[in-house]
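Residue numbers (my numbering): 3 to 313.
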């Protein structure tokens, strides 16, 4: 899958594709349904499949202090999209300039002229352009004039539930990882490189691998049983662990962080790219009156994690 970052990196060879547009946060089964149709339409036309997305997501740009939870940062999204058969990923920086671009520019310039799309596949809730003024019918009308066709995909259902990123977030917030996996089509994970921290965990006898979340707000908060890959060069090897996602209120933390303690492991993980898969919620994050109280709770968390993985 080729990644194109920004319109300035589009080349003549990128003209001609079948296109879809959206955030695709989580790359859940509904998204996979759209991408499967996209790839099918692209194969029929002997053209590359292409997906256009935005960073940050428009909702994040406009949210102010009411930041939405993010399921996947860009690296994770790329990892999941690579598994779909998608051939091109175009990522546009979403900023004040792009937020003020009229829907007409997308429909009459970007799609037909710069991207040379012959067909566009969108979801049934698709909106685009300044103030979300563009809709499916506007795209159809523009396509008829500019020489491309448009199809709309119905929402994918799981029983009575509409599969959506919002429903995935709700499932994760409840600690219902089984249902989140049903909606996603894969277990929920967070990826990131291990960075240097305050070494507090090591001082408490519970060393942790610290991973910056690199998103405005995570979809999880609390303490979890996890499996971790990337600890060794054998990426199929999984290690059991306990993870905390939050701001560490006991030690006056500010930046949300993912901290992972690997069970029965000792070694240097700095700089390693880890993938942390969430299996079970142990408890919510909480503040403790002292470091001794925090250490006692961490010991309890570790015992419960051992019991979970060996039940």
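Backbone N, C-alpha and C fix where the C-beta goes; we use that ideal spot for every residue, glycine too.
Coil, strand or helix - residue i by DSSP
{"i": "residue 303", "result": "helix"}
{"i": "residue 42", "result": "helix"}
{"i": "residue 212", "result": "strand"}
{"i": "residue 159", "result": "strand"}
{"i": "residue 165", "result": "coil"}
{"i": "residue 154", "result": "strand"}
{"i": "residue 219", "result": "coil"}
{"i": "residue 51", "result": "strand"}
{"i": "residue 31", "result": "helix"}
{"i": "residue 264", "result": "strand"}
{"i": "residue 357", "result": "With the chain running from 3 to 313 in the structure shown, residue 357 is simply not present."}
{"i": "residue 251", "result": "Annotation note: pLDDT 49 at residue 251 (below 50); position unreliable, coordinate value reported separately. Three-state result, residue 251: helix."}
{"i": "residue 173", "result": "helix"}
6 Å Cβ shell around residue i - same chain, five flanking residues per side excluded
{"i": "residue 131", "result": "104, 105, 108"}
{"i": "residue 153", "result": "123"}
{"i": "residue 183", "result": "189"}
Reference residue i, options the options, closest by Cα
{"i": "residue 84", "options": "235, 210, 3, 63", "result": "3"}
{"i": "residue 75", "options": "126, 26, 280", "result": "26"}
{"i": "residue 220", "options": "71, 134, 90", "result": "71"}
{"i": "residue 54", "options": "248, 64, 47, 80", "result": "80"}
{"i": "residue 40", "options": "13, 59, 120, 114", "result": "120"}
{"i": "residue 244", "options": "128, 310, 50, 43", "result": "310"}
{"i": "residue 167", "options": "289, 45, 33, 150", "result": "33"}
Per-residue burial, residue i [other beta carbons within 10 Å of its own, 16 or more giving buried]
{"i": "residue 260", "result": "buried"}
{"i": "residue 251", "result": "Low local confidence applies: a pLDDT of 49 at residue 251 is under 50, so the model's placement there is unreliable, with the coordinate-based value given in what follows. By the neighbour-count rule (16 or more Cβ atoms within 10 Å), residue 251 is not buried but exposed."}
{"i": "residue 5", "result": "exposed"}
{"i": "residue 161", "result": "exposed"}
{"i": "residue 10", "result": "exposed"}
{"i": "residue 97", "result": "exposed"}
{"i": "residue 211", "result": "buried"}
Residues of its chain near residue i, where Cβ-Cβ distance is below 8 Å and the 5 sequence neighbours each way are ignored
{"i": "residue 110", "result": "144, 147, 148"}
{"i": "residue 95", "result": "8, 56, 57"}
{"i": "residue 69", "result": "62, 218, 219"}
Chain-order list of residues whose beta-carbon lies under 7 Å from that of residue i (same chain, five-residue window excluded)
{"i": "residue 36", "result": "22, 123, 125, 155"}
{"i": "residue 302", "result": "none"}
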